[in-house]
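Residue numbers (the numbering used here): 3 to 95.
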C-alpha cells in the first residue's frame, strides 16, 4: 500500500466542478462535484476544507457542500491537496 500511487493518479484525472448555490432564505452554499467516493475519502477532505475555510458543511453522496461563498478561496486549497488548477471548473449561474 505504501507504493500505491492510485490516489495521485486519480487526482490528476479528476475533473472537479465548483458551483455556488442559493438555498433556503438565500444563503449561499459552495458545492464541489466530480469526486469519486471510492477513490477519495470525502469526509476527510470535507473536514480539512471546513477547517481551512472556517465554515460548516457536509458530504452528501459524491459531493461536498460548504456553507458560504467560497468559490475562489477553495481553488488554492484544492491545488494544495494535489488537484491540478486546470481540472477545476468554477460554474457560473
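Quick reminder that beta carbons are idealized off the backbone N, C-alpha and C, glycines included.
What's the C-alpha gap between residue 84 and residue 78?
10 Å
Alpha carbon to alpha carbon, what distance is there between residue 91 and residue 15?
13 Å
Buried or exposed by the 16-neighbour rule on C-beta atoms within 10 Å, applied to residue 80
buried
Does the beta-carbon of residue 2 have 16 or more other beta-carbons within 10 angstroms, so that it is buried, or is it exposed?
Coverage of the chain is limited to positions 3 through 95, which leaves residue 2 absent and any answer about it impossible.
If we count Cβ pairs, one from each stretch, closer than 8 Å, do we get three or more for the stretch 29–36 versus the stretch 62–74?
yes
Contact under 7 Å by Cβ, residue 22 with residue 86:
no
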